[in-house]
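Undergrad: This structure is in structure tokens; I'll ask about it shortly.
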Amino acid sequence: MRRRAMARLAVAARAFSASASGAGAGGVSMVQGASRGIGLEFVRQLLRRSGEGRVVATCRAPGSAAELQKLKEEHAPGRLTVLPLDVTDENTIEAAAASITETHGSLDLLINSTGILSIPNVIQPVTKTVSVEFGRKDNIACILLHPGTVDTDLSRPFQRNVPKDKLFTREFSVQKLLSIIDNVKKSDNGKFFAWDGQEIPW
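Heads up: the sequence shown is residues -20 to -1, 1 to 182, going by mature numbering (1 follows the signal peptide of the UniProt record, and there is no 0).
Okay, structure coming up:
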């Protein structure tokens, strides 16, 4: 039986304010699914963007997320907060939300990269629903991002037939995705973008 190629997708929600100058630039960003792969790379690049921006990284088991803990040690106190969050456990979601509210007040950017696979009939209604809710309540744009085929543990079983120039490093893919997030407009709410900034119809 032939395997179907799967790609990990990311959902990004960005809040707009008068002081916002780019993703992670002086604001508070949260990355869910941050222990490895593109989630970890999002954390790394967001921390590099500004000496003032703060990042909240969440994953199921922070104690075993060695790379996250190393990043935390490498930066000034308060720059990186690592919290437990399991998207299947409501208690951890509520606890993380309470901790973020107490420490930071609110978020400027939320990136969910927790192993979402490209299954259109599942992803489309969820993202559309979230974008509609955000659009009603706040000055927020929620978009879906396709990072291309990235060299991670998730994509490894499907890499055999991927041309070399189409198998991206995590660094390259996340750099491209952050560029899209930087330039997103409120009118982009609910849209789906490829790694190169092209809109994907759905």
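Glycine included, each C-beta is placed from N, C-alpha and C at the ideal position.
Being a predicted model, the structure only gives us computed values, none of them experimental.
Look up residue 28 in the DSSP assignment and say whether it is helix, strand or coil.
TA: Three-state DSSP puts residue 28 in a helix.
Undergrad: Under the three-state reduction of DSSP, which class applies to residue 63: helix, strand or coil?
TA: Here residue 63 sits in strand by DSSP.
Undergrad: Among 132, 149, 90 and 133, which one has its Cα closest to the Cα of residue 120?
TA: Closest option to residue 120, Cα to Cα, is 90.
Undergrad: Whole angstroms is fine: what's the gap from residue 45's alpha carbon to residue 16's?
TA: In a straight line, the C-alpha of residue 45 is about 8 Å away from that of residue 16.
Undergrad: Return the CA-CA distance between residue 169 and residue 111, expressed in angstroms with no decimal places.
TA: In a straight line, the C-alpha of residue 169 is about 6 Å away from that of residue 111.
Undergrad: Per DSSP, residue 8 is paired with what?
TA: In DSSP, residue 8 forms a bridge with 34.
Undergrad: Between the stretch 50 to 60 and the stretch 124 to 134, do three or more beta carbon pairs fall short of 8 Å?
TA: The stretch 50 to 60, when compared against the stretch 124 to 134, does not touch it at the 8 Å Cβ threshold.
Undergrad: I'd like to know whether the C-beta atoms of residue 72 and residue 13 end up nearer to each other than 7 Å.
TA: Not in contact: residue 72 and residue 13 (Cβ atoms no closer than 7 Å).
Undergrad: Is the shortest distance between the beta-carbon of residue 130 and the beta-carbons of chain B less than 7 Å?
TA: Absent here is chain B; the protein component of the structure consists of one chain.
Undergrad: Write down the C-beta distance between residue 20 and residue 38 rounded to the nearest angstrom, noting that I regard them as a contact closer than 8 Å.
TA: Between residue 38 and residue 20 the Cβ distance is about 12 Å, and since that is not below 8 Å, they are no contact.
Undergrad: With 16 other CB atoms within 10 Å as the buried threshold, where does residue -3 fall?
TA: In this prediction, residue -3 scores a pLDDT of 44, lower than 50, which makes its location untrustworthy; the coordinate-derived value is nonetheless stated afterwards. Residue -3 should be labelled exposed.
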